[in-house]
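Notes for the one structure printed next.
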Amino acid sequence: MMGEEPTGPAACQFNFEKLLPGLKEKRELLEGAGVKSIDELFADIPREVRIDSLDLPEGLVECELASHMRKLLGANRTSRDMLSFLGAGMYPNYVPAVVKAVAGRAEFVTSYTPYQAEVSQGLLQALWEFQSLMCELTGMEVTNTSMYDGPTALGEAALMAARATRRKEVLVPAAMHWEKKEVLRTYTLGPGLAIKEVPFEPATGRLDLAALKPMITDDTAALVVSNPNFFGVWEEAATELKGMLGGALFIVDANPISLGMARAPGEYGADIVVGEGQPLGVGPTFGGPSFGILTTRKKHLRDMPGRLIGMTRDADGARAFCMTLQTREQHIRRGKATSNICSNEALCSVAAAAYLSLLGRDGLRGLGIRLGKKALQLSERLRRVEGVEAPVFRSRHFNEFVLRTRGSVKAACAAAQKRGILAGVRLKQHFPELGEALLVTVHEGHDGSDFERLAEAFSEVGR
Numbered sequence: 001m002m003g004e005e006p007t008g009p010a011a012c013q014f015n016f017e018k019l020l021p022g023l024k025e026k027r028e029l030l031e032g033a034g035v036k037s038i039d040e041l042f043a044d045i046p047r048e049v050r051i052d053s054l055d056l057p058e059g060l061v062e063c064e065l066a067s068h069m070r071k072l073l074g075a076n077r078t079s080r081d082m083l084s085f086l087g088a089g090m091y092p093n094y095v096p097a098v099v100k101a102v103a104g105r106a107e108f109v110t111s112y113t114p115y116q117a118e119v120s121q122g123l124l125q126a127l128w129e130f131q132s133l134m135c136e137l138t139g140m141e142v143t144n145t146s147m148y149d150g151p152t153a154l155g156e157a158a159l160m161a162a163r164a165t166r167r168k169e170v171l172v173p174a175a176m177h178w179e180k181k182e183v184l185r186t187y188t189l190g191p192g193l194a195i196k197e198v199p200f201e202p203a204t205g206r207l208d209l210a211a212l213k214p215m216i217t218d219d220t221a222a223l224v225v226s227n228p229n230f231f232g233v234w235e236e237a238a239t240e241l242k243g244m245l246g247g248a249l250f251i252v253d254a255n256p257i258s259l260g261m262a263r264a265p266g267e268y269g270a271d272i273v274v275g276e277g278q279p280l281g282v283g284p285t286f287g288g289p290s291f292g293i294l295t296t297r298k299k300h301l302r303d304m305p306g307r308l309i310g311m312t313r314d315a316d317g318a319r320a321f322c323m324t325l326q327t328r329e330q331h332i333r334r335g336k337a338t339s340n341i342c343s344n345e346a347l348c349s350v351a352a353a354a355y356l357s358l359l360g361r362d363g364l365r366g367l368g369i370r371l372g373k374k375a376l377q378l379s380e381r382l383r384r385v386e387g388v389e390a391p392v393f394r395s396r397h398f399n400e401f402v403l404r405t406r407g408s409v410k411a412a413c414a415a416a417q418k419r420g421i422l423a424g425v426r427l428k429q430h431f432p433e434l435g436e437a438l439l440v441t442v443h444e445g446h447d448g449s450d451f452e453r454l455a456e457a458f459s460e461v462g463r
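At position 428 of the sequence shown the residue is numbered 428 (my numbering), and the sequence of numbers has no breaks.
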């Protein structure tokens, strides 16, 4: 006869001790390790630095643990819970449900590197489609299946330029995210490349062409231009830069969403195009995972890192996809390898391919135009707030802009946060010449009422 159903903690309790090794198994494990006791495993650690016990609470059964974790997480506030104007490279663009459904399929989520092409045609085709979309978006001829993120793509592009030109100097804009510059310096430290920063014009925020010209020498491997730049400003002279570089390569670091409404970098002379792919159907998720875009021209194909997927014919003449090129040291002679970067962000690439296919050319263009209009609308509203200068730079902007406050921008952000608003990214630490400056970003979900809330928060500080 069955007993009564358990209630309370016992109802959801599972005896996890059954999964732990018993005495017999422990003895076998210790013998295999060549020791007689668990203490012997830690004999190399001096006794005076060992911790005898940890002050941990008693274990919880599964349902109690789930309840405890929910309470802990309930104390957090995310950008979804607040009105967020954060950006600076990571953008909470809306991800359609169909994108999540495609990227969430088990065939994509659980698949490993498609070394066996004959059993990986679905994934290989999805990645080939991604490559085709990236080439169309950037106006370039070849792309790989992704890098880790935008900064690593930039680092690899700098190394590509150094290999292609046999030069040792890379020029980058001062108006670039500080963390991106740090990743670039890390990448180029070993090969001994010099990174030099090109200043921006104080009035416009654009690249200072007068300062740039004397910096271009016979040692210059590449010039990197962010378009739009970190301040959200369009580099309107980008189309003229290729002609100034001589034998140096022209690297464009682009926001992929902006390419729906702007000229493709390949059309104005870019040799390599890189970018942060996160806005293309991948959520910010606390900074990652994401993927990096790296596209180039065919003549630089052999200098390109990562994997390339190609379309061919199988023995029966049917269309087939395979990994065409892997210039990785594990696959070819180390002396011929271009990079040891291997694992990529294929799942995020699949999501981006689904996102771009869903939006199409017109949808992506419409999104870019809406973001530009919203940024203009917000700057005009903030300009009417006493003590706020918006935007700081007299230039055309894309989806973000810099504002400046008469008083402390830290106090303004604190006042906004009390109202449930994340006002933006403070710039004083990294761009002290801008004073009390804040980078404000608009998102596609923002509307006029959101802009009014931010303006009211700043008005409160000015009173």
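Yeah, the Cβ is synthetic: ideal placement off N, Cα and C, and Gly gets one too. Computed from a prediction, not measured in an experiment: that's the story for all the values here.
Identify whether residue i lies in helix, strand or coil by the three-state DSSP scheme.
{"i": "glutamine 326", "result": "strand"}
{"i": "threonine 145", "result": "coil"}
{"i": "glutamate 400", "result": "strand"}
{"i": "proline 151", "result": "helix"}
{"i": "lysine 196", "result": "strand"}
{"i": "glycine 448", "result": "helix"}
{"i": "alanine 222", "result": "strand"}
{"i": "leucine 249", "result": "strand"}
{"i": "threonine 138", "result": "helix"}
{"i": "leucine 471", "result": "Any property of residue 471 remains undetermined from this structure, which presents the chain solely from 1 to 463."}
{"i": "alanine 437", "result": "strand"}
{"i": "methionine 160", "result": "helix"}
{"i": "isoleucine 369", "result": "helix"}
{"i": "methionine 1", "result": "Residue confidence for methionine 1 is low, a pLDDT of 45 falling below 50, so the modelled location carries little weight and cannot support an answer."}
{"i": "leucine 422", "result": "strand"}
{"i": "methionine 215", "result": "helix"}
{"i": "isoleucine 309", "result": "strand"}
{"i": "alanine 411", "result": "helix"}
{"i": "valine 49", "result": "helix"}
{"i": "arginine 105", "result": "coil"}
{"i": "alanine 320", "result": "strand"}
{"i": "valine 119", "result": "helix"}
{"i": "leucine 207", "result": "strand"}
{"i": "isoleucine 272", "result": "strand"}
{"i": "serine 476", "result": "Coverage of the chain is limited to positions 1 through 463, which leaves residue 476 absent and any answer about it impossible."}
At the level of alpha carbons, what is the spacing between residue i and residue j?
{"i": "serine 120", "j": "glutamate 129", "result": "14 Å"}
{"i": "valine 224", "j": "histidine 68", "result": "49 Å"}
{"i": "phenylalanine 451", "j": "phenylalanine 458", "result": "11 Å"}
{"i": "valine 102", "j": "lysine 418", "result": "39 Å"}
{"i": "valine 282", "j": "glutamine 125", "result": "20 Å"}
{"i": "glycine 473", "j": "alanine 157", "result": "This structure leaves residue 473 out entirely; the chain is present only between 1 and 463."}
{"i": "cysteine 348", "j": "valine 98", "result": "14 Å"}
{"i": "lysine 374", "j": "alanine 455", "result": "14 Å"}
{"i": "alanine 164", "j": "threonine 338", "result": "11 Å"}
{"i": "proline 214", "j": "proline 173", "result": "15 Å"}
{"i": "lysine 24", "j": "arginine 105", "result": "42 Å"}
{"i": "histidine 443", "j": "asparagine 344", "result": "27 Å"}
{"i": "alanine 315", "j": "glutamate 118", "result": "11 Å"}
{"i": "leucine 29", "j": "glycine 59", "result": "25 Å"}
Considering only the beta carbon of each residue, do residue i and residue j sit closer than 8 Å?
{"i": "alanine 238", "j": "asparagine 255", "result": "no"}
{"i": "leucine 280", "j": "leucine 356", "result": "yes"}
{"i": "serine 408", "j": "alanine 390", "result": "no"}
{"i": "arginine 394", "j": "threonine 204", "result": "yes"}
{"i": "threonine 138", "j": "alanine 262", "result": "no"}
{"i": "isoleucine 464", "j": "methionine 160", "result": "Given that the chain is displayed from residue 1 to residue 463, the structure contains no residue 464 and the question cannot be resolved."}
{"i": "glycine 155", "j": "valine 183", "result": "yes"}
{"i": "serine 258", "j": "glycine 368", "result": "yes"}
{"i": "leucine 127", "j": "threonine 143", "result": "no"}
Candidates the options: which alpha carbon is nearest residue i's?
{"i": "methionine 311", "options": "Ser132, Asp149, Leu30 and Ala103", "result": "Ser132"}
{"i": "valine 392", "options": "Lys196, Ser111, Phe231 and Arg163", "result": "Phe231"}
{"i": "valine 461", "options": "Ala423, Leu29 and Val109", "result": "Ala423"}
{"i": "valine 274", "options": "Thr165, Ala97, Gly366 and Cys135", "result": "Cys135"}
{"i": "alanine 153", "options": "Pro173, Tyr94 and Gly277", "result": "Gly277"}
{"i": "leucine 123", "options": "Tyr115, Ala416 and Phe108", "result": "Phe108"}
{"i": "methionine 140", "options": "Ala211, Arg370 and Thr296", "result": "Thr296"}
{"i": "glycine 150", "options": "Ala270, Met90 and Arg319", "result": "Met90"}
{"i": "glutamate 267", "options": "Gly288, Lys242 and Ile341", "result": "Lys242"}
{"i": "threonine 113", "options": "Ala415, Ala346 and Leu438", "result": "Ala346"}
{"i": "proline 57", "options": "Ile51, Leu65 and Arg50", "result": "Leu65"}
{"i": "leucine 434", "options": "Leu403, Thr441 and Ala414", "result": "Leu403"}
{"i": "glycine 260", "options": "Ile216, Gly366, Arg167 and Val233", "result": "Gly366"}
{"i": "proline 96", "options": "Pro202, Ala351 and Met82", "result": "Ala351"}
Using a Cβ-Cβ cut-off of 8 Å, state whether residue i counts as contacting chain D.
{"i": "arginine 453", "result": "Any reference to chain D falls outside this structure, which holds one protein chain only."}
Segment contact, 8 Å Cβ cut-off, at least three pairs: the stretch 213-221 with the stretch 242-258: In this structure the stretch 213-221 lies against the stretch 242-258, because at least three pairs of beta carbons, one per stretch, are closer than 8 Å.
Counting Cβ pairs, one atom from each stretch, are 3 or more of them under 8 Å apart for the stretch 390-400 and the stretch 41-53? Counting Cβ pairs under 8 Å, fewer than three are found: no touch.
Quick test of the definition: if touching needs 3 or more C-beta pairs under 8 Å, does the stretch 173-181 touch the stretch 303-322? The answer is no - the stretch 303-322 does not touch the stretch 173-181, with fewer than three Cβ pairs under 8 Å.
Can at least three beta-carbon pairs, one atom from the stretch 432-450 and one from the stretch 179-193, be found at a separation below 8 Å? Touching, no.
Three Cβ pairs or more, each shorter than 8 Å: is that satisfied between the stretch 358-368 and the stretch 426-435? The stretch 358-368, when compared against the stretch 426-435, does not touch it at the 8 Å Cβ threshold.
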